Every structure is written in structure tokens, then in C-alpha cells.
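Trainee: Using my numbering, read the sequence shown as starting at -7 and increasing by one per residue.
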Amino acid sequence: MRSLIITAAVLLALPCSAAQADDSNPLEALSCPRGVLFKSLESGALTTVIRQGFGKAFFTMEKDQLQPAAAAELKGENEGEHAFIYGPSRSYMFLTDEDFVKDFTWRPAETDPNAFYTVRTDDGDQTRFTLVDVGCAP
């Protein structure tokens, strides 16, 4: 039993690519040059996540403590539809503008079959919409 626990701990400590049996690079396999398509569970509308980022943000009215944050840049189906979301986790995101996330570190969007974003009202009490990953944009 002890050896099983040690083996599990070692595997969890390894980077994902080192723990996989094949030689594929998971980052290359998941990267989407044209962004990742997400579908709204509520309306069925499609939006593209162009890039994903991380940084620090305030999540209280007092703005007294910076906390780790995730962000995404969204592009809608229609010309001119463009927005940013940020939050402490993908399940708790808020709409914002580009200035708010300008200092975040950004990377190209990557697809993940389990990925979703739940965008909430400004007070965080209600869900505005939930976006689920449907794969790389064509």
C-alpha cells in the first residue's frame, strides 16, 4: 500500500507530458490557432475564445487584496462582438473591459473537452450564461 501511495505521488508531481506513455506534446495537441469555439448552454450562440490569460485582480468592493485570476478574450459570431471575462476560476467569471485585464499574461486559446466558463452577474449571485468548449475554431 505504501508503494502505491509513493508511486501516485511521483506521477502527480511529474509534468503532464512526463507522466504520459506516448511521445505527443499535449500543448501542441490542444492549441487552436484560430481560437476555441464555445457554445452557450442557454441560447446556443457560438463565441470564440481567442486567447486565455492569468494575472491578479480585486474581487471585493474594498479592493484591498489582489487575488489570482483567470481571463479570456471573446469574439462573437457577428462583426464587432468582442468582450473580456475574468474571475477567480472558470466557474465564476465576470464581464469586463480590456483595460481591466491589460496587465495579464496571455497565451493562445487551447481546447479542452471539459472546459467551460460560467459568467455571472456583477454581484455574482446569478448566472448570466455558461459557455462550453466545442473544439477548435475552423
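We put the beta carbon where it would ideally sit given N, CA and C, even for glycine.
Since we're looking at a predicted model, the values are computed, not measured.
Exposed or buried, which one is Thr103 when buried takes at least 16 other CB atoms within 10 Å?
Mentor: buried
Trainee: Apart from the five residues just before and just after Gln12, which ones in its own chain have a Cβ nearer than 6 Å to its Cβ?
Mentor: The pLDDT assigned to Gln12 is 36, lower than 50, so where the model puts this residue is not dependable; a value taken from the coordinates is nonetheless given after this. Counting only Cβ-Cβ distances below 6 Å, and skipping sequence neighbours, we find nothing.
Trainee: Enumerate in chain order the residues of its own chain whose CB-to-CB distance from Asp89 is below 7 Å, with the five nearest sequence positions on each side excluded.
Mentor: Phe76
Trainee: Give the DSSP-derived three-state secondary structure of Leu87 in the structure shown.
Mentor: strand
Trainee: Which same chain residues, not among the five before or five after Thr122, have their C-beta less than 8 Å away from its C-beta?
Mentor: Ser32, Leu33, Glu34, Phe108, Tyr109, Thr110 and Val111, listed in sequence order.
Trainee: Mapping the DSSP letters down to three states, classify Ser16 as helix, strand or coil.
Mentor: Annotation note: pLDDT 42 at Ser16 (below 50); position unreliable, no value reported.
Trainee: Quick check on Ile77 - is its C-beta less than 7 Å from some C-beta in chain B?
Mentor: The structure shown contains no chain B; it holds only a single protein chain.
Trainee: State the Cα-Cα distance for the pair Thr119 and Ala37, rounded to the nearest angstrom.
Mentor: 16 Å
Trainee: Taking Gly68 as the reference, which of Thr39, Asp117, Pro60 and Gly45 has the closest Cα?
Mentor: Thr39
Trainee: How would you call Asp125, buried or exposed, if buried means at least 16 neighbouring beta carbons within 10 angstroms?
Mentor: buried
Trainee: Along the chain, where does the beta strand (DSSP E) containing Ser35 start, and where does it finish?
Mentor: Here Ser35 belongs to no beta strand (DSSP E), and DSSP marks it neither H nor E.
Trainee: Measure the C-alpha to C-alpha separation of Cys24 and Cys128 and round it to an integer number of angstroms.
Mentor: 5 Å
Trainee: Return the residue from the list Arg26, Asn106 and Met53 that minimises the CA-CA distance to Arg82.
Mentor: Asn106
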